[in-house]
Amino acid sequence: MMIENQHTYSLINFQGGTAVTDLSIVDNYSTVGYRPYNVSDFKSNQAWTFQQDGDQHEWFIKSSCSGKYLGVEGKPNQGTVVVVVSNPFKWNIIDSDMEHAKGIRILAHGTNLSLDLWCGSPENFIKIQLWESWPGNMQIWALTALPKDDPKEPLKITIPAAARDALIKGDLSTADTVTHTRDQH
């Protein structure tokens with residue numbers, strides 16, 4: 000599978016089918032499996048930017064939502080929970096080594112530990128962990144390319160007319176509630 004440097008993707012687990020690597024909106028630190036939703040927003044918590052480092056197999060995976068990196072705290076070990084970390088964490092990415100599962104295998108750099116959806120469960124809030132590579136579909140990930148960020152495009156925010164009018168008049172007493180309409184879970 001060809002990954003484009005500095006491009007943003009969603010990661011869909013082959014085994015779980017509906018599960019994706021999702022940055023928790025609860026703590027902005029944990030990663031979990033969660034059903035995909037419309038990830039047309041490149042700042043979604045299901046959007047990850049791949050940054051090449053070194054050869055064609057070495058990558059950093061950066062959360063487009065938090066700006067932090069998919070990784071682990073401390074040394075990678077069997078069962079280590081995958082989170083986001085402040086410093087770049089290096090991954091080795093190879094094409095799927097399973098004949099019937101198209102996608103990629105993501106390994107902690109210098110190890111044989113794969114990014115693994117616990118038990119390959121299609122349920123929401125399933126932990127993402129490192130696990131010794133083996134022929135399991137829960138360790139194969141499909142990439143879905145997201146639209147490229149176009150910095151020339153202005154951010155467009157739509158607010159209700161009453162709130163807009165209150166802001167223009169400077170009367171914030173009627174605009175004391177902010178509603179976020181992005182598709183969240």
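Quick note: the sequence shown uses numbering that gives the first Met the number 0, first residue 0, plus one each step. All C-beta atoms, glycine included, are put in the ideal place defined by N, C-alpha and C.
- With distances taken between CA atoms, Leu116 lies nearest to Arg34 out of Asn4, Arg34 and Tyr8.
- With respect to Ser43, Ser63 sits close: the two C-beta atoms are nearer than 8 Å.
- Gln45 is the residue among Gln45, Ile92, His56 and Gln55 whose C-alpha sits nearest the C-alpha of Lys67.
- Within the same chain, and ignoring the five residues on either side of Gly70 in sequence, the residues whose Cβ sits closer than 6 Å to its Cβ are Val84 and Phe88.
- Around the CB of Trp133, fewer than 16 other CB atoms lie within 10 Å, so the residue is classed as exposed.
- Looking at the DSSP output, Tyr8 sits in a beta bridge with Trp47 and Ala144.
- Around the beta carbon of Val25, fewer than 16 other beta carbons sit within 10 angstroms, so the residue counts as exposed.
- Separation of Ser23 and Ile93 (C-alpha to C-alpha, rounded to the nearest whole angstrom) is 26 Å.
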